[in-house]
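Those sequence lines, one after another, are chains A and B. Count along the first sequence starting at 1, add 367, and that's the number in the numbering used here. Count along the second sequence starting at 1, add 865, and that's the number in the numbering used here. So the structure is just underneath, and the comments pick up after that.
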Amino acid sequence: VTTVFDRTDGVAQTHALVIGVGRYRHLHGGARPADDAMARSLGQLGSPATSALAVARFLVDEHVTDPEVPLGSVELAVSPAGPVDAASEIEVGGGRVPVEPATFARVRDAVDRWFSRCQRHTGNVAFLYFSGHGVAREHVALLLEDFAERPQELFEHAVDLEALHLGMAACRASTHFVDACRSVPPALLERREVRARALLDGWHRGPRPDAPIVYATGHDEKAFGRPGGLTRYADALLRALHGLGARREKGAWRVTTDQVGLAVAEVLRHGNEVPGTPVQHAQVVGSGRGSVLRVLPGVPGVPFRLGCDPAAATDAASMRLIALRDGRLADHRDGGSGDWLGEVAAGAYDFQVHFERRDFRDGRLEVVAYPPWLDDLLPVEPA
Amino acid sequence: MSPVEIGWEAAGQRPGDVIGAAELLDEHLELLERFPLVAGVTRSIEVGRAGRCLVHARLPSGTTLLASFDPVSDRTVTLRARPPRPRPAEPVAGWAAAWRRGPDGWAPSGDLGIVGSEPDRVLLEVPPVPSGVTTDAVRVVQVGGGGLAAPMAVVAAGSVVEATAPQAGPERAWRLRLVGPDATCATLLEYAAAGDLAAAAVVGDELVRRIEAQPASLAPDLGEAFRVVVAAYHLLRVGDEAPQDAWGERLASAASWLPDASLLAGWLALARSRDEPESARGHFLDAARRGLPVVGGSLRLLFDGLWLVNRARPWDEDVQVALARVRPYAAAAAMAASMTLLRGRRPDRPSPGPAAPEPPGSAVRFFLGPRPVARRSPEPPALDLGTLLRDAARRLGSTLVAVRLVPTAVRQTGARMTVQAGRLDFEPGLLRRLGGDAQASVARSRAGLRVTLGGVEPGLAARLQVGTVSGTGELMLARFEPAGRTTVAVLAWTDAGLPDQLVLLLPPSGPQPGRT
């Protein structure tokens, strides 16, 4: 079975369904390509399996002892595209557990178990991560390993994401992380409708109040990943769960449903500015009322980008970040070109700049490293 | 411990508008409170504990506001604004068109105006409909040009939409953002579209509080209808069931003509009757008949509502027909947007893929990018009434100079071109006198000509006047008033286009003479 972790208990827990599909038997480059225009237009993917395993490992390694919503179970289905992608095993509790492929039948059964566990406690949090191909019409269809097995019913082995989301009404909170393209292949436009499988009957009491969907892309856009490595989205999601999606409340830093999507989007947005990085925009749909997804064990690190205005002053400046609480030097840069990039613990700082050559006047600015990002410019005057 | 008054700058905003949501943090960044930022109103906060505090906000525009204070010793605090880092504006020629639904379907309407222009963006306004008119008040605004895909925004009459060209990346389409006329609604919807759900909740709760605090109007106008609909979407999303029963009545009385009201009523009915789709069915069918809903995400809700009813009643032909009608629009709609945003060539031809159609004949043209280099005549432009102006300037004790207006937005109606917006082209000598960074844009507004001056030291800007000269030699001058980091002057103007040049009255460069 795909259940790689199960400590379901009678308390509020997190129940996860994690799917990564890189191998597509019936798409371009697969073992048995289908004779269909749309199937021919999509190929194998190098990073979804690695990304799904990384998300599952994070949950198993870091979330089991969460004080509010500890990990209750993980359903994991992974179809790696090749040997460089990922091994089909995951280490749990010191042993290696084989991971089953993400075929429709296995995913459907996993959804049944996942849904059943989520319903057992009103405080449960449902966590879905999918990485693989997605195609968009009025809903997004998530394509599984055996997609296009029967060209007569192309979407028989695809999951209707939004229908699944509607069907998750029983949980207090659910978060759907969709690490997939939302492409619109030309052949898709010729279809009157897309009949992906809903998996859950969705008759319920309106849109879930605490159930954001965090898409990896905008409509008709592509998601990116390094073959054999993480997708950009998985990297951003893990950073958000590690603390960039957190606020400090009731004495602890907590990742919440109303912050996590924004953090993923912001991490991707800042990454877009790195030269050579393929541009990708995450989108958040739905609503979040701040249910806790994770309580951090400490203070999160916050990436920063600091500089001077005008930009010419940045290269000439020695820069320091002094923690306002205790006056300690948190970080400094005495030379370099371009903006100062780094990471400091969340907190308020005195950003000081000094010009050795005295071509500009020294300056200081109070800044706050507050998740998900610190980005500020200190205006300076010529000396 | 006395309360601390938190203030902030709300340039160009109407007092009372909610411009964002802020967080009050202690020295450990513990979240103490979230509160709405209301233009023109300070926030009184009683912290009740010692230790330095912070107030932090990120506005939908990307501007960050920040201030720290000591709740024991500080009584007033002003948030420091840091706009997002400027990006170079690439030159691009664009067009914008409005569409209106008539008895024969959608057709270009021609009633779209440019009410503001910056190097990287243009503000488009759909004129409001006359008071009391609550039907035929939905328009589609389409923006295209420059080889970019031309999205279509479904908006209520009176809306102001900001259009920007993308900097880079896969999104080769114009970006449209709702900015008015109701800034509070626009703030809420833009937060939600950007994924800042916590901030959206703060603004949404404030909007709901305001609506519930006021008695329902007997003759609700468009603005009230839109506010009620946006607030109801917020309540639906946050899932607070208690007030939703009353909100069903409010929707029916204030906004029944908007398709959004029917689909919201459908979802509220679903929320009330878990296993009974019949009550929701009628609302969803009604919404599908009425046309395109305007609020971002609404088409998805309409489709999902019909889809759910269809699953419960697969034999229901009316639902099947409605679903078939809505399906192409749902497939063409952006999921995360403040408005209903469609892809396709025109409103009656939506498509899931992007389209870059030719503009309709009534489209407004505009140009974005760095300030264009104006073609200069060998001689500086001379005013027809130069002698009179020099005399006037001498009498005023100041210098009066003519400044050429370079068009940046032009409306083409048939063969006729009408300038809608422009920039003042300062001569080098004048530019030096204004400080070197001066820039000014000119646009038509309902009040007349709106001249926005930036990059000029506030003390100097306060002493400048801008004016027009009529055909009879009448000099009309207006002072610049502060508006955030810019200053604005409004001149009376009734012509369809803009003048070729304006005059600028400069103060004496030496000490200002005293008045007697």
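Glycine is no exception: its CB is placed at the ideal position from the N, C-alpha and C atoms.
Practice item. Could you round the C-beta distance between B/H921 and B/E895 to whole angstroms and report it? I think they count as a contact, below 8 Å. Key: The residue given as residue 921 of chain B occupies position 56 in the second sequence. The residue given as residue 895 of chain B occupies position 30 in the second sequence. No, B/H921 and B/E895 are not in contact; Cβ-Cβ is about 12 Å, not under 8 Å.
**Study point:** Option in B/D1360, B/L897 and B/T1352 with minimal Cα separation from A/E616
**Key:** Here residue 616 of chain A refers to the residue found at position 249 of the first sequence. Here the closest residue by C-alpha is B/L897.
**Study point:** contact_flag[the stretch 1013 to 1028 of chain B, the stretch 1200 to 1216 of chain B] where n(CB pairs < 8 Å) is 3 or more
**Key:** yes
Review point. Rounded C-beta distance between B/G1287 and B/L1270? I'm assuming under 8 Å.
Key: As a first step, residue 1287 of chain B is located in the second sequence; it is residue number 422 there, counting from the start. As a first step, residue 1270 of chain B is located in the second sequence; it is residue number 405 there, counting from the start. Contact flag correct, Cβ pair sits at about 4 Å.
Check your understanding: Taking the Cβ atom as the reference point for each residue, do B/L1329 and B/L1371 lie within a distance shorter than 8 Å?
Key -> To locate residue 1329 of chain B, count along the second sequence from 1; it is residue 464. To locate residue 1371 of chain B, count along the second sequence from 1; it is residue 506. Cβ atoms of B/L1329 and B/L1371: closer than 8 Å.
Check your understanding: What span of residues does the beta strand (DSSP E) with B/W1172 cover, start to end?
Key -> By one-based count along the second sequence, residue 1172 of chain B stands at place 307. Not the beta strand (DSSP E): B/W1172 falls in the alpha helix (DSSP H), residues S1163 to A1177.
Review point. To which residues of the same chain is A/D682 closer than 8 Å at the C-beta, ignoring the five residues directly before and after it?
Key: Position 315 of the first sequence, counted from the first residue, corresponds to residue 682 of chain A. Closer than 8 Å at Cβ, skipping near neighbours: G703, S704 and G705.
Review point. Anyone know if the C-beta pair for B/R986 and B/E1027 falls short of 8 Å?
Key: Position 121 of the second sequence, counted from the first residue, corresponds to residue 986 of chain B. Position 162 of the second sequence, counted from the first residue, corresponds to residue 1027 of chain B. The answer is yes: Cβ separation under 8 Å.
Check your understanding: If you draw a straight line from the alpha carbon of A/H393 to that of A/E516, how long is it in whole angstroms?
Key -> Position 26 of the first sequence, counting from 1, holds the residue named residue 393 of chain A. Position 149 of the first sequence, counting from 1, holds the residue named residue 516 of chain A. The alpha-carbon atoms of A/H393 and A/E516 are separated by roughly 6 Å.
Check your understanding: Quick check: the stretch 657 to 672 of chain A against the stretch 600 to 620 of chain A, are there 3 or more CB pairs under 8 Å?
Key -> yes
Check your understanding: From what residue to what residue does the beta strand (DSSP E) around A/Y582 run?
Key -> In the first sequence, residue 582 of chain A corresponds to position 215, counting from 1. Here the beta strand (DSSP E) through A/Y582 covers I580 to Y582.
Practice item. Could you say if the stretch 1218 to 1226 of chain B and the stretch 1068 to 1081 of chain B meet the contact criterion of at least three C-beta pairs nearer than 8 Å? Key: no
Point to revise | From B/V957, B/A963, B/G881 and B/L1318, residue whose alpha carbon lies closest to that of B/G905 | key: The residue labelled residue 905 of chain B in the question sits at position 40 within the second sequence. Measuring from the Cα of B/G905, the nearest candidate turns out to be B/G881.
Exercise for review: Can you have a look at A/R473 and say buried or exposed, based on whether 16 or more other CB atoms are within 10 angstroms of its CB?
Suggested key: Here residue 473 of chain A is taken as the residue at index 106 of the first sequence, counted from 1. Label assigned to A/R473: buried.
Exercise for review: To the nearest angstrom, report how far apart B/A1305 and B/V1094 are at their CA atoms.
Suggested key: Translated into the one-based positions of the second sequence, residue 1305 of chain B becomes position 440. Translated into the one-based positions of the second sequence, residue 1094 of chain B becomes position 229. For B/A1305 and B/V1094, the gap between their C-alpha atoms comes out near 38 Å.
Check your understanding: Based on Cα-Cα distance, which residue from A/V551, A/L555 and A/G387 lies nearest to A/F544?
Key -> The residue you call residue 544 of chain A lines up with position 177 of the first sequence. Out of A/V551, A/L555 and A/G387, A/G387 has the C-alpha closest to the C-alpha of A/F544.
**Study point:** With 16 other Cβ atoms within 10 Å as the buried cut-off, status of B/P1217
**Key:** As a first step, residue 1217 of chain B must be located in the second sequence, where it is residue number 352. Burial state of B/P1217 is buried, judged by a 10 Å Cβ sphere holding 16 or more other Cβ atoms.
Review point. Just checking, does the stretch 735 to 747 of chain A make contact with the stretch 622 to 635 of chain A on the three C-beta pairs under 8 Å criterion?
Key: yes
Practice item. Pick out whichever of B/P956, B/V1006, B/R952 and B/P968 has its Cα sitting closest to the Cα of B/G978. Key: Against the second sequence, residue 978 of chain B aligns to sequence position 113. Answer by Cα proximity: B/V1006.
Practice item. Look up B/C918 in the DSSP assignment and give the residues it is bridged to. Key: To locate residue 918 of chain B, count along the second sequence from 1; it is residue 53. BP columns for B/C918 point to B/F934.
Review point. Do you know offhand how far B/G1320's Cα is from B/R1297's?
Key: As a working mapping, residue 1320 of chain B is identified with position 455 in the second sequence. As a working mapping, residue 1297 of chain B is identified with position 432 in the second sequence. For B/G1320 and B/R1297, the distance between alpha carbons rounds to 12 Å.
Check your understanding: Do you know whose CA, among B/P1323, B/W1112 and B/D1125, lies nearest B/A1081's CA?
Key -> Here residue 1081 of chain B is taken as the residue at index 216 of the second sequence, counted from 1. Closest option to B/A1081, Cα to Cα, is B/W1112.
Practice item. Compute the distance between the beta-carbons of A/L732 and A/F718, then report whether it is under 8 Å. Key: Here the question's residue 732 of chain A lines up with position 365 in the first sequence. Here the question's residue 718 of chain A lines up with position 351 in the first sequence. Yes. Within cutoff.
Point to revise | Exposed unless 16 or more other CB atoms sit within 10 angstroms - verdict on B/L1128 | key: Residue numbering aside, residue 1128 of chain B sits at position 263 when the second sequence is read from its first letter. Looking at its Cβ environment, which holds 16 or more other Cβ atoms inside 10 Å, B/L1128 is buried.
**Study point:** Expected contact under 8 Å - CB spacing of A/L531 and A/A565 to nearest Å
**Key:** Mapped onto the first sequence, residue 531 of chain A falls at position 164. Mapped onto the first sequence, residue 565 of chain A falls at position 198. Rounded, the Cβ-Cβ distance is 7 Å, consistent with contact.
Check your understanding: In this structure, what does DSSP give as the bridge partners for A/V441?
Key -> Against the first sequence, residue 441 of chain A aligns to sequence position 74. For A/V441, the pairing in a beta bridge is given by DSSP as A/F372 and A/A383.
Review point. Residues of chain A with a CB under 8 Å from the CB of B/H921: which are they?
Key: Residue mapping note: residue 921 of chain B aligns to position 56 of the second sequence, counting from 1. Per Cβ cutoff of 8 Å: V735 and Y737.
**Study point:** As assigned by DSSP and simplified to three states, the class of A/T489
**Key:** Here residue 489 of chain A is taken as the residue at index 122 of the first sequence, counted from 1. Coil, per DSSP.
Review point. Is the number of C-beta pairs between the stretch 487 to 502 of chain A and the stretch 368 to 380 of chain A that are closer than 8 Å three or more?
Key: yes
Review point. Under the rule that 16 or more other beta-carbon atoms within 10 Å means buried, what is A/Q519, buried or exposed?
Key: For this step, residue 519 of chain A is matched to residue 152 along the first sequence. Exposed: under 16 other Cβ atoms inside 10 Å.
Exercise for review: Whole angstroms is fine: what's the gap from A/S498's alpha carbon to A/A419's?
Suggested key: The residue given as residue 498 of chain A occupies position 131 in the first sequence. The residue given as residue 419 of chain A occupies position 52 in the first sequence. Roughly 7 Å between the two C-alpha positions.
Practice item. Note down, in chain order, every chain A residue with its Cβ under 9 Å from the Cβ of B/V1103. Key: The count along the second sequence starts at 1 and reaches residue 1103 of chain B at position 238. Under the 9 Å cutoff, chain A gives P576, D577, S654 and R656.
Check your understanding: Taking all protein chains shown into account, do 16 or more other C-beta atoms lie within 10 angstroms of the C-beta of B/R908, making it buried, or fewer, making it exposed?
Key -> Locating residue 908 of chain B in the second sequence gives position 43, counting from the first residue. B/R908 comes out buried.
**Study point:** Reference A/C675; option with closest CA among A/T644, A/E640, A/G709 and A/D729
**Key:** Start at 1 with the first residue of the first sequence, and residue 675 of chain A comes out as number 308. Of the candidates A/T644, A/E640, A/G709 and A/D729, the one whose C-alpha sits nearest the C-alpha of A/C675 is A/D729.
**Study point:** Touching by the beta-carbon criterion (3+ pairs, under 8 Å), the stretch 646 to 654 of chain A and the stretch 1059 to 1068 of chain B
**Key:** The stretch 1059 to 1068 of chain B and the stretch 646 to 654 of chain A touch, with three or more beta-carbon pairs separated by less than 8 Å.
Exercise for review: Determine, using beta carbons only, whether B/E895 comes closer than 8 Å to chain A.
Suggested key: Here residue 895 of chain B is taken as the residue at index 30 of the second sequence, counted from 1. Yes, because at least one Cβ of chain A sits closer than 8 Å to the Cβ of B/E895.
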